[in-house]
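What follows is a set of notes on a single structure, which appears directly below.
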Amino acid sequence: MAEGNGEIKMEEKQEMENVERTEDFNKLMQYGLDEKVAAKLDEIYKTGKLAHIDLDERALDALKEFPVDGALNVLTQFLESNLEHVSNKSAYLCGVMKTYRQKSRAGQGTGTSTTPKAPDEDKIKLDNHEIKPGKSLKVNISVPNLRLFVGNIPKSKGKEEILEEFGKLTAGLTEVIIYSSPDDKKKNRGFCFLEYESHKAASLAKRRLSTGRIKVWGCDIIVDWADPQEEPDEQTMSKVRVLYVRNLTQDCSEEKLKESFEQYGKIERVKKIKDYAFIHFEDRDNAVKAMNELNGKEMGGSHIEVSLAKPPSDKKKKEEMLRARERRMMQMLQGRGGGSPSHPSMMGGPMPVRGPAQGPRGTGAGMRGQMGRGDYG
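Using our numbering, read the sequence shown as starting at 17 and increasing by one per residue.
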C-alpha cells in the first residue's frame, strides 16, 4: 500500500514539473508558499482573473499559514467566484479564507460540532491533572484575539463613518461594533470595537494606532485589546436553528431571502437588518443544510456569508458591562487629561488625552452589534 502511495506521489510530482510555470510561480515559492498552493495560484494567474500584483502580503501570509488542503479548497472557491465587481481581490480572498475557517470550526457535515473538538478535549483532560502529589497542571485554551477596544471617539460618529476612517488607517478591518447611548440612540457611547480578519492584522493595527502620533477626527484615542469573547458552548450551539446571513445588498428583501432558504426546509420567520439577516428554521438539520449549501453563493450580485447565529446574550448583564466600560474609560481619560468625568466633551464628543494612547482592557465579552451582529433576538 505504501509503495502504491509513493508511486502516486511521484506521478503527481512529475505532472507538476511538466507544467509550464510563469515567473510569478518562483516568486510564490520564494515567499514560502507550499508548492501545491503556489501551483494553484499560478493556474489562477493564467486565467487572467487574478494577477500576482493583486495580492498583498497579508493575503500571502494568510495562505502560507493555512493547511495545504484548506488553501487549495479556498483557491478553488475563489476561482469559481464572480469577480467582475470586486475591486480589492486581495481583501476578497482574505474574506473567502475567513469564511472557510469559520465553516471548518463549525464542523459542517456533522450538524452538531461548533468548534475544533479534539484539541480542546485533550486540553480539558490535562487540566488539573496531578503530575505529582500536591502539584497539578493548569491548562487554558488559547483563542486568538481579533478585536480591539478604541475609546475617546466622537459620540456623533456612526458605524459606517468609523469603518471608513479606521479602514484607511489599518489593514484587515472586517467589522465595527458600536453601542447606542441610553439617552440618545443616535449617538454611540464614546467607544467602539474593531474586529480584524486575523490576530496578526489586529496586532499590527494596535501597534500603529497606539503610537500616539495618530489622531482620529482630531482626537487622541485609547487603544487596547478587547477582553476575549465568551463564546456559547457546544451544547448550546447544537440546538441553534437560526442562521446569520451577512453581506446582503440593499435590494435583497426578506421575501427573497425566504424564497431562497425555504427550499431547504420550513422557515418560521426572516428578519433583515441593513446588510445582514436572521433566518429562523423550524428544524435544525434543515438550517445546517442550508448553511452548507448557500454559504459563499451569489445573491443579488453579492457573495453572502452564512453561519449559525449565536443565541442572544443576557441584556441586563450586557448593559452592566457597557456601563462599567464607560466608567473605566472616563477614569482613564480623567487620569490622562486631568479633566472631570462631567466634562462636556464626554457627553457629546471626545476629550483630548495627554500621553501615550494606552487604556484599560475593552469589555467585549459576549458582545456583538447594537442589536447583536450574529446574536439573534
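Using N, Cα and C, we set each Cβ at its ideal position, and we do this for glycine too.
Backbone secondary structure at residue i - three-state DSSP
{"i": "tyrosine 61", "result": "helix"}
{"i": "phenylalanine 297", "result": "strand"}
{"i": "lysine 222", "result": "helix"}
{"i": "cysteine 268", "result": "coil"}
{"i": "glutamate 284", "result": "strand"}
{"i": "tyrosine 396", "result": "Outside the displayed range of the chain (17 to 393) lies residue 396, so it cannot be described from this structure."}
{"i": "threonine 115", "result": "helix"}
{"i": "alanine 67", "result": "coil"}
Nonlocal neighbours in the same chain, by C-beta distance under 7 Å from residue i, ignoring five residues either side
{"i": "valine 84", "result": "Asp50, Lys52 and Val53"}
{"i": "lysine 105", "result": "Leu66, Asp70 and Leu99"}
{"i": "leucine 88", "result": "Lys52, Val53 and Lys56"}
{"i": "serine 396", "result": "With the chain running from 17 to 393 in the structure shown, residue 396 is simply not present."}
For residue j and residue i, the rounded distance between their alpha carbons
{"i": "aspartate 40", "j": "arginine 74", "result": "17 Å"}
{"i": "lysine 114", "j": "glutamate 180", "result": "21 Å"}
{"i": "phenylalanine 165", "j": "glutamate 191", "result": "12 Å"}
{"i": "alanine 187", "j": "glutamate 336", "result": "32 Å"}
{"i": "alanine 134", "j": "leucine 324", "result": "Caution is warranted here: a pLDDT of 44 is assigned to alanine 134, below 50, making its placement in the model unreliable, and the coordinate value is therefore given only provisionally. Distance between the alpha carbons of alanine 134 and leucine 324 is about 21 Å."}
{"i": "isoleucine 193", "j": "glutamine 46", "result": "38 Å"}
{"i": "tyrosine 61", "j": "arginine 37", "result": "10 Å"}
{"i": "glycine 111", "j": "threonine 227", "result": "28 Å"}
{"i": "glycine 174", "j": "leucine 189", "result": "16 Å"}
{"i": "isoleucine 230", "j": "aspartate 236", "result": "7 Å"}
Contact set for residue i: own chain, Cβ-Cβ below 6 Å, skip 5 residues either direction
{"i": "leucine 273", "result": "Val286 and Ala293"}
{"i": "arginine 262", "result": "Tyr292 and Glu321"}
{"i": "asparagine 302", "result": "Tyr280 and Gly281"}
{"i": "methionine 307", "result": "Leu259 and Val322"}
Burial state of residue i (16 or more Cβ within 10 Å)
{"i": "glycine 64", "result": "exposed"}
{"i": "asparagine 42", "result": "exposed"}
{"i": "leucine 185", "result": "exposed"}
{"i": "threonine 163", "result": "This sequence places arginine at residue 163; threonine is not what is there. That one is buried."}
{"i": "glycine 48", "result": "exposed"}
Close-in-space but distant-in-sequence residues of the same chain around residue i (CB under 8 Å, 5 per side omitted)
{"i": "serine 269", "result": "Lys288"}
{"i": "aspartate 299", "result": "Arg257, Gly281 and Lys282"}
{"i": "lysine 222", "result": "Leu164, Val239, Asp240 and Trp241"}
{"i": "glutamine 93", "result": "Val112, Tyr116 and Gly312"}
Residue-level contact to chain C via CB, residue i, 7 Å cutoff
{"i": "glycine 48", "result": "No chain C is part of this structure, which consists of one protein chain only."}
- [ ] Count the CB pairs spanning the region 87–102 and the region 210–227 that are closer than 8 Å, and state whether there are at least three.
- [x] By the Cβ criterion, the region 87–102 is not in contact with the region 210–227, since fewer than three pairs of Cβ atoms, one from each stretch, lie closer than 8 Å.
Task: Contact between the region 260–278 and the region 311–326 (3+ Cβ pairs under 8 Å) - done: Judged by Cβ distances under 8 Å, the region 260–278 makes contact with the region 311–326, as three or more pairs qualify.
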